[in-house]
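Engineer: Mind having a look at this structure? Questions to follow.
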Amino acid sequence: MTQPPLRIGVDLIEIERVRRALERHPSGFRDRCFTEAERAYCDSKPNPAQHYAGRFAAKEAIGKALGSGVYFTWKEIEIRGRPKPGVHLSGRTGRFAERMGAGPIELSMTHSRELAAAIAVILQAEDFDPATATDGRTAWREAKQG
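Heads up, the sequence shown is in UniProt numbering, so the first residue is 1 and it goes up one at a time.
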């Protein structure tokens, strides 16, 4: 199965929606969706909800670009770095990305007062052999098995 050399995902979220999730479930939402480093970064900002929303949108955009649907685990996609954001994939999500031939992930995030948005562009890995590619469901099953 031939994999595209370029994958794109985009997401847009209302910051108020994230703010409400943080207020209603302060630990649950933060702990379920964000790594310790992401929480430390967002909590250090004057308006944490904006930064949580940006990272949440980025994780959604990456999941869409990977084509993994709702199968990825939030904390297995970590948004790192400043001023240019970087991405670290781990666990099943990282293994899935490898099996799908994902290479470098370029990420752009932005926010206004009301909205946060992110776009992820995933290039095909240079050493990926398209002849070894599988469909997304098979790749996800293989990633779950280790």
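All residues carry an ideal CB built from backbone N, CA and C; glycine is no exception.
Per DSSP, what kind of secondary structure is A118 in: helix, strand or coil?
Structural biologist: The answer is strand: DSSP assigns A118 an E or B state.
Engineer: Just the Cα atoms here: how many angstroms apart are M109 and A49?
Structural biologist: Their backbone Cα atoms lie some 14 angstroms apart in a straight line.
Engineer: If the criterion is Cβ atoms closer than 8 angstroms, does the pair L6 and V121 meet it?
Structural biologist: Contact: yes.
Engineer: How would you label E14, buried or exposed, when you count the other beta carbons within 10 angstroms and need 16 or more for buried?
Structural biologist: Its Cβ having fewer than 16 others within 10 Å, E14 is exposed.
Engineer: M109 bridges to which residues according to DSSP?
Structural biologist: DSSP lists A118 as partners of M109.
Engineer: Rounded to the nearest angstrom, what separates M1 and R55 at their Cα positions?
Structural biologist: Because the pLDDT at M1 is just 47, under 50, the model does not fix this residue reliably, and the value given afterwards should be weighed accordingly. Computed Cα separation, rounded: 32 angstroms.
Engineer: Please give the ranges of any alpha helix (DSSP H) in the stretch 47-84, keeping only runs that are unbroken, at least 4 residues long and fully inside the region.
Structural biologist: The qualifying runs are 48-66.
Engineer: Could you work out which residue in H51, K84, R39, D43 is closest to K75 when comparing CA atoms only?
Structural biologist: Cα-wise, what sits closest to K75 is R39.
Engineer: Can you tell me the Cα-Cα spacing of P26 and N47, whole angstroms?
Structural biologist: Going by the C-alpha atoms only, they are around 15 angstroms apart.
Engineer: Between the Cα of A57 and the Cα atoms of A116, R20, G101, L123, which residue gives the shortest distance?
Structural biologist: Checking every option, the nearest Cα to that of A57 belongs to A116.
Engineer: For the beta strand (DSSP E) that contains D11, what are its first and last residues?
Structural biologist: D11 -> beta strand (DSSP E) spans 6-14.
Engineer: Which residue comes first and which comes last in the beta strand (DSSP E) that contains G101?
Structural biologist: Segment: none, G101 is in no beta strand (DSSP E) and carries neither H nor E.
Engineer: Going by C-alpha to C-alpha distance, which of G103, D129, F72, A118 sits closest to Y52?
Structural biologist: Checked all of G103, D129, F72, A118; the closest Cα to Y52 is A118.
Engineer: Please look up how many angstroms separate the CB atoms of residue 150 and G101, rounded, as I've assumed it's under 8 angstroms.
Structural biologist: Given a span of 1 to 146 for the chain in the structure shown, any question on residue 150 remains unanswerable.
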